[in-house]
Amino acid sequence: MRRTASPISLVLFGTGVFLLVLAPLLAWYVAPQAKRTPIDVDTTTVFTGTGSYFDTSEVKTVHGRRITVTRQVRGDVADSEQSGNAVWDVSTSVDTDETLPAADTRDSLQWTLERWVTDRATNEPVHCCDESPVFDGEAYLKFPFDVEKRSYRWWDGTLGGVVQLRYSGGRKVQGYEGLRFTGSVPPTRTGVRQVPGRLVGRDRTPQVLAEEWYANSAIELVVDRRTGRILLAAIGPRKTLRAPGSSEDAVVLLESPRIAFTPETQRQQVELASRDSRRLALLGSTAPAGAAALGAVLTLVGAALVARGRRPDPDRTNAHLATSPAVR
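Read left to right, the sequence shown gives residues 718 to 1045 (this note's numbering).
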């Protein structure tokens, strides 16, 4: 007579096999699906620094003033779902103490409204959905997932072009480890602006098309490796006007040696990066490894119990032989 396997052994064996199948699914399918740029974002980041700017009320450049840059990013969920991409509307205002807080962003020292569209998996630019401006590069408001220790092409909106940012080691922000990238922009002509001639040293000309020039002495971005979220951003902008054909700056429109995320914005970015990074780590490594290890143990234990339960019982076999007619 043979015994049948107990229900618990079958449950253990089945659970173990399920976990062994689940482990690679978590690592190779679920985790990559989780690495997608969110579309329901609504965040505000604030930069502050001290520098100079052109005061239109005084018609001159003033120095040693506080400058505040506020960037609001809101995801267009409807357009994102329809296109399958991440569609973000970005409002950026540059303010002085006199214009902050401004009831209307158009009263700021400078204000721009942009629409960014990127591939949710690769972070590559996608040219659709009324994107403005048309941009290029690998890194913008965030870096791709799984940031590598190499140079990245970062889009500088003021320049209207790509800047090469080199990997410069690790750096902690609010106690959280990130990857640091640095770069700079040499003085570059970015456009023209009609201004009174006397403003750029052309007193005899009522109006001239002055040249706009831009430079950035120190770009620094500290990025979370797993999520690509920017933990700290700092820039050293210089925007000037030159007389047509001149090689010297005539007017400083905006200049600061360093404008960077406020401590509050840094804390906010670190909290978001830490939360999302833990979630991705759980799906990509911890959960698959745990499922595989537990699945292997349960499968072996269950298989052993099933095999044991199906072996002949020696005592029952001997008793059966002893009472059979042949033995008598």
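Glycine included, C-beta positions come from ideal geometry on N, C-alpha and C.
For residue 902 and residue 932, the rounded distance between their alpha carbons: If I take the Cα positions, the gap works out to 5 Å.
To the nearest angstrom, how far is it from the Cα of residue 884 to the Cα of residue 922? Here the alpha carbons of residue 922 and residue 884 stand approximately 48 Å from one another.
Quick one: grab the DSSP three-state call for residue 997. Residue 997 falls in the helix class under three-state DSSP.
Tell me the start and end of each unbroken beta strand (DSSP E) in the segment 751-825 that is at least 3 residues and wholly inside, in chain order. Complete beta strand (DSSP E) runs here, min 3: 759-772, 777-792 and 803-812.
Close beta carbons around residue 917, own chain, < 6 Å, minus the five adjacent residues each side: Excluding residues within five positions, the ones whose Cβ falls inside 6 Å are 927, 958, 960 and 967.
Could you give the C-beta distance for residue 791 and residue 812, rounded to a whole number, given that I count them as a contact under 8 Å? The distance from the Cβ of residue 791 to that of residue 812 is about 19 Å, inconsistent with a contact at the 8 Å cut-off.
In or out: residue 756 buried (at least 16 other Cβ within 10 Å) or exposed? Residue 756 should be labelled buried.
Residue 853, buried or exposed, once every other Cβ within 10 Å from all chains shown has been counted against 16: Residue 853 counts as exposed, since fewer than 16 other beta carbons sit within 10 angstroms of its beta carbon.
Supposed close pair residue 977, residue 949 - CB separation, criterion 8 Å: Rounded, the Cβ-Cβ distance is 7 Å, consistent with contact.
Work out the CA separation of residue 725 and residue 1025 for me, nearest whole Å. Looking at the backbone, the Cα of residue 1025 and that of residue 725 are separated by about 13 Å.
Same chain only: Cβ atoms within 8 Å of residue 850, ignoring 5 sequence neighbours per side: Here the set comprises 831, 874 and 877.
Would the C-beta of residue 935 count as close to the ligand ATP, meaning under 7 Å from any of its heavy atoms? Among the components modelled here there is no ligand, and therefore nothing to report on the ligand ATP.
With C-beta atoms as the reference, is residue 954 less than 8 Å away from residue 971? Inclusion of residue 954 and residue 971 in the CB contact set at 8 Å is warranted, their separation being smaller than that value.
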